[in-house]
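Undergrad: Residue numbers for the sequence shown follow this note's numbering, so the first one is 497 and each next one is one higher.
Yeah, the Cβ is synthetic: ideal placement off N, Cα and C, and Gly gets one too.
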Amino acid sequence: MGGLPSLVNVTGNQSKLMREVFGPRVDTQYFDEHHHIDRHHGEMVLKKLIEPLLNEYGDQIVPDILKGFEEFRYLQDLADKDLQVQIEWAGHLDEAIDYGKNLYAQIEDGSLEVPLETFIEANGERSTTHTHPDDRLLVIETGEMDFWPIYGDRYHFGPGDILFVPKHRLHGSVVTSAECVYHQPLADGMARRESQPVALNQAHA
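1. By alpha-carbon positions, which one of 507, 540, 670 and 545 ends up nearest to residue 529?
2. DSSP puts residue 670 in a beta bridge; with which residues?
3. Answer with buried or exposed for residue 671, where buried requires no fewer than 16 other C-beta atoms within 10 angstroms of its C-beta.
4. For residue 569, which three-state DSSP category applies?
5. From the DSSP secondary-structure annotation, give me the bridge partner or partners of residue 678.
6. Of the choices 635, 504 and 571, whose alpha-carbon is the least far from that of residue 537?
7. Hey, could you find the ends of the beta strand (DSSP E) residue 550 is sitting in?
8. What do you reckon, are the CB atoms on residue 549 and residue 596 nearer than 8 Å?
9. Starting from residue 536, trace the beta strand (DSSP E) both ways and give me its first and last residue.
10. Could you tell me how far apart the beta carbons of residue 645 and residue 667 are, in whole angstroms, since I believe they sit closer than 8 Å?
11. What is the C-beta distance between residue 614 and residue 679, in whole angstroms, given that I count them as a contact (C-beta under 8 Å)?
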């Protein structure tokens, strides 16, 4: 049901934005194709689904149809906000690094007591992009890994490097040394008691 009112406009605007940012030679076929075909999908929803249902059951089903559109819009808004928070976190990783160091210092001095959750991985071990249901720290003890906050350049982490990874933030990594020993102490709840950068704070919205 979202084809006609949403994807047509979104993909059209995405194609326009790509050309404005990268110039007329950029390949926008993916967005252009969706912009074209989703008009057809929207017409299919109207002609082959909504109108036959109205003819069969009458106006009594109109509230349910509208509810479906509103529920879809609500989920779309949630997805848009989540993507915005993801980009803000990934774009402020230096702040997340500093924040993680401050939290881990409290673990080391004993003012915060949380299990370290230690992992030992060999060269080439991959953590495919995933999320966690809780705030965590990434603490490299020995070895090295490349880390991706879902877009942009990779970050290369080595011994002593620390990162704050908020809940629900997509990320992945690959071990680049013979072996990597790292910890992921749960920071859930710790972050809410601290003053933190805007990008991190929004991750809990």
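TA: Answer, in terms of the structure:
1. 507
2. 622 and 642
3. buried
4. helix
5. 615 and 636
6. 504
7. Premise fails: residue 550 lies in the alpha helix (DSSP H), 547-553, not in any beta strand (DSSP E).
8. no
9. Segment 525-541 is the alpha helix (DSSP H) holding residue 536; no beta strand (DSSP E) there.
10. 5 Å
11. 5 Å
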